[in-house]
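*Asks:* Sequential numbering of the sequence shown, starting at 139, is according to my numbering.
Ideal Cβ positions, reconstructed from N, Cα and C, are used throughout, including at glycine.
Handing you this structure, nothing more for now.
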Amino acid sequence: MANPTAELPTAATTPKTRAPEGSWDCHFHMVGGADDFQLWDGRVEDPAPGPDFEEWLKLYREQSETLGFSKGVIVHTILYGTNNAITLETMRTLGPGYKGVGLLPDGAPNDAVVAFRDAGMKAVRLNYVHGGVLTWDGAKEMAPLLADNGMHLQMLCHADKHMDEIAADVRALPVPVVFDHCAWPTAGLAADGVGIETLCGLLADGVAYVKLTALYRLCAAPYGDADALVRRLIDANPERCLWGTDWPYLMLNGAQSPQPAQSLDALMRVANAAEVQQILVDTPEALFGA
């Protein structure tokens with residue numbers, strides 16, 4: 139049976155306030171045409187048909203220009219498994235202002251981590267929600283290698299299902315953990331929801347970061363239902379918050395593909411100018427720019 143295909147993303151309109159100079163889109167993916175890069179046999183979705191790799195790059199550049207982003211972090215998508223070639227090529231093509239987050243399996247040797255570092259990869263990603271090629275135990279074993287190479291761990295989890303369970307291990311790691319998508323709560327968007335206080339403690343103590351991304355997976359546009367949660371995470375530690383578009387919105391699973399300008403507007407609505415500068419420029423420059 140053929141896999142379902144992703145939707146083509148909506149072109150960005152002009153946001154109410156563009157991102158400040160030097161802003162980072164800290165979470166986007168790159169895909170290619172059917173014959174551009176080898177897809178993973180275990181994938182559950184295929185990229186949207188039509189554009190080839192160069193056309194996808196053009197679409198992303200156009201969006202970044204419209205929103206005001208000049209730097210970014212390409213998060214390797216599981217659609218390509220541990221074949222990180224598309225992410226490496228995207229970094230090379232977009233230039234030195236773009237870094238990567240890649241996929242490595244359990245037991246990956248130090249040579250693989252070093253090769254990632256030398257190519258501009260800043261982290262390895264663990265999907266604690268859907269599983270994949272790296273387990274939590276494998277990530278904990280890999281953490282010292284990441285630390286030795288100036289890298290960190292990025293993690294997709296559900297705050298209400300996982301945060302209290304993993305918090306002690308997160309604190310014990312020699313590297314920070316970056317949580318995707320507001321730690322993706324599934325039990326509602328309350329600022330004091332299950333796992334959120336634990337997450338805020340990790341942020342306050344500087345052992346974790348959170349990406350204020352993918353609000354479209356949590357609620358309907360213009361995403362006001364998430365305002366209190368986003369505000370709570372910023373209040374916990376604005377120096378440990380990041381933001382990204384999540385473009386091109388893969389594996390929607392019933393969520394409505396967003397208008398990117400509305401996603402940026404949602405951050406601007408909740409954060410003040412100094413916080414926006416911190417979240418879009420200063421913190422990502424410190425974490426990814428070196």
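Go through its chain and collect everything with a Cβ distance to Gln-292's Cβ below 6 Å, but skip five positions before and after it.
*Replies:* Walking along the sequence shown from the start, residue 292 turns up at place 154. Excluding residues within five positions, the ones whose Cβ falls inside 6 Å are Val-239, Ala-261, Arg-263, Val-316.
*Asks:* Going residue by residue through the stretch 330-385, where are the continuous alpha helix (DSSP H) segments of at least 4 residues, counting only ones entirely within it?
*Replies:* 334-342, 365-374
*Asks:* Compute the beta-carbon to beta-carbon distance between Pro-396 and Tyr-354, rounded to the nearest angstrom, for a pair I have assumed lies under 8 Å.
*Replies:* Here residue 396 is taken as the residue at index 258 of the sequence shown, counted from 1. Here residue 354 is taken as the residue at index 216 of the sequence shown, counted from 1. Going by Cβ atoms, the distance from Pro-396 to Tyr-354 rounds to 4 Å, so yes, they are a contact pair.
*Asks:* Could you pull the start and end residues of the beta strand (DSSP E) that Gly-240 belongs to?
*Replies:* For the purposes of this step, residue 240 is taken as residue 102 along the sequence shown, with counting starting at 1. It spans 236-240 - the beta strand (DSSP E) in which Gly-240 sits, taken as one unbroken run.
*Asks:* Return the residue from the list Asp-363, Ala-399, Ala-412, Leu-388 that minimises the CA-CA distance to Ile-372.
*Replies:* Along the sequence shown, read from residue 1 onward, the residue named residue 372 stands at position 234. Among Asp-363, Ala-399, Ala-412, Leu-388, the Cα nearest to that of Ile-372 belongs to Ala-412.
*Asks:* Using only the alpha-carbon positions, how far apart do Arg-407 and Gly-245 sit?
*Replies:* On the sequence shown, residue 407 is found 269 positions in, with the first residue counted as 1. On the sequence shown, residue 245 is found 107 positions in, with the first residue counted as 1. Approximately 43 Å between the Cα atoms of the pair.
*Asks:* Using the three-state DSSP reduction, which class does Thr-225 fall into: helix, strand or coil?
*Replies:* Looking up residue 225 in the sequence shown gives position 87. Judged by DSSP in its simplified three-state form, Thr-225 adopts helix.
*Asks:* So what does Ile-212 bridge to, in DSSP terms?
*Replies:* In the sequence shown, counting from the first residue as 1, residue 212 sits at position 74. Answer by DSSP bridge pairing, in chain order: Phe-166, Gly-238.
*Asks:* Where do the N-terminal and C-terminal ends of the alpha helix (DSSP H) with Met-406 fall, by residue?
*Replies:* Residue numbering aside, residue 406 sits at position 268 when the sequence shown is read from its first letter. Where Met-406 is concerned, the enclosing alpha helix (DSSP H) stretches over 398-408.
*Asks:* Do three or more CB pairs link the stretch 174-184 to the stretch 140-157 at distances below 8 Å?
*Replies:* yes
*Asks:* Determine the extent of the alpha helix (DSSP H) in which Ala-305 is found, giving its start and end residues.
*Replies:* For the purposes of this step, residue 305 is taken as the residue at position 167 of the sequence shown. 302-310 is the span of the alpha helix (DSSP H), which, as asked, contains Ala-305.
*Asks:* With DSSP as the reference, label Arg-263 as helix, strand or coil.
*Replies:* As a first step, residue 263 must be located in the sequence shown, where it is residue number 125. In the structure shown, Arg-263 sits in a strand (DSSP, three-state: E or B).
*Asks:* Determine the closest residue to Lys-237 out of Asp-403, Gly-219, Phe-254, Gly-210, with distance taken between C-alpha atoms.
*Replies:* Taking the first residue of the sequence shown as 1, we reach residue 237 at position 99. When each option's Cα is compared against that of Lys-237, the closest is Gly-210.
*Asks:* Quick check: the stretch 284-300 against the stretch 328-338, are at least 3 beta-carbon pairs closer than 8 Å?
*Replies:* At 8 Å Cβ cutoff, the stretches touch.
*Asks:* Looking at the unbroken beta strand (DSSP E) that takes in Met-293, where does it start and where does it end?
*Replies:* Taking the first residue of the sequence shown as position 1, residue 293 is located at position 155. Here the beta strand (DSSP E) through Met-293 covers 290-294.
*Asks:* Buried or exposed: where does Val-308 fall if 16 or more other Cβ atoms within 10 Å of its Cβ makes it buried?
*Replies:* As a working note, residue 308 is residue 170 in the sequence shown. Buried, because 16 or more other Cβ atoms sit within 10 Å of the Cβ of Val-308.
*Asks:* Is it true that the CB of His-165 sits closer than 8 Å to the CB of Thr-215?
*Replies:* For the purposes of this step, residue 215 is taken as the residue at position 77 of the sequence shown. For the purposes of this step, residue 165 is taken as the residue at position 27 of the sequence shown. Not a contact, by the Cβ cut-off of 8 Å.
*Asks:* For the stretch 351-369 against the stretch 284-291, are there 3 or more C-beta pairs whose distance is under 8 Å?
*Replies:* no
*Asks:* Can you pull the DSSP bridge partners for Val-315?
*Replies:* Along the sequence shown, one-based indexing puts residue 315 at 177. Answer is Leu-291, Ala-346.
*Asks:* With distance defined between alpha-carbon atoms, name the residue in Gln-176, Leu-418, Leu-232, Leu-177 nearest to Leu-446.
*Replies:* Only positions 139 to 428 of the chain appear in this structure, which leaves residue 446 out of reach.
*Asks:* Check whether the Cβ atoms of Pro-398 and Gln-201 lie closer than 8 Å to each other.
*Replies:* Working through the sequence shown from its first residue, we reach residue 398 at position 260. Working through the sequence shown from its first residue, we reach residue 201 at position 63. In contact: Pro-398 and Gln-201 (Cβ atoms closer than 8 Å).
*Asks:* Sorted by chain position, which residues of the same chain lie with C-beta nearer than 6 Å to Ala-359's C-beta, five sequence neighbours on each side aside?
*Replies:* For this step, residue 359 is matched to residue 221 along the sequence shown. The answer, listed in chain order, is Gln-400.
*Asks:* Just tell me which of Cys-320, Leu-283, Pro-158 has its CA closest to the CA of Pro-312.
*Replies:* Here residue 312 refers to the residue found at position 174 of the sequence shown. Taking only the C-alpha atoms, the option nearest Pro-312 is Leu-283.
*Asks:* Would you say Pro-314 and Tyr-266 are within 8 Å of each other, going by their C-beta atoms?
*Replies:* As a position in the sequence shown, residue 314 is number 176, starting the count at 1. As a position in the sequence shown, residue 266 is number 128, starting the count at 1. Going by C-beta atoms, Pro-314 is not nearer than 8 Å to Tyr-266.
*Asks:* Where do the ends of the alpha helix (DSSP H) carrying Glu-200 lie?
*Replies:* Position 62 of the sequence shown, counted from the start, is the residue given in the question as residue 200. Residues 191-205.
*Asks:* Straight-line CA distance for Arg-230 to Leu-195?
*Replies:* Position 92 of the sequence shown, counted from the start, is the residue given in the question as residue 230. Position 57 of the sequence shown, counted from the start, is the residue given in the question as residue 195. For Arg-230 and Leu-195, the distance between alpha carbons rounds to 12 Å.
*Asks:* Comparing alpha-carbon positions, which option in Phe-191, Gly-392, Thr-204, Val-169 lies nearest Lys-154?
*Replies:* Within the sequence shown, numbered from 1, the residue matching residue 154 stands at position 16. For the residues Phe-191, Gly-392, Thr-204, Val-169, the minimum Cα distance to Lys-154 belongs to Thr-204.
*Asks:* Could you please give the first and the last residue of the uninterrupted alpha helix (DSSP H) stretch that includes Asn-248?
*Replies:* By 1-based counting over the sequence shown, the position of residue 248 is 110. Segment 248-257, the alpha helix (DSSP H) holding Asn-248.
*Asks:* With 16 other CB atoms within 10 Å as the buried threshold, where does Ala-149 fall?
*Replies:* Taking the first residue of the sequence shown as 1, we reach residue 149 at position 11. Exposed, because fewer than 16 other Cβ atoms sit within 10 Å of the Cβ of Ala-149.
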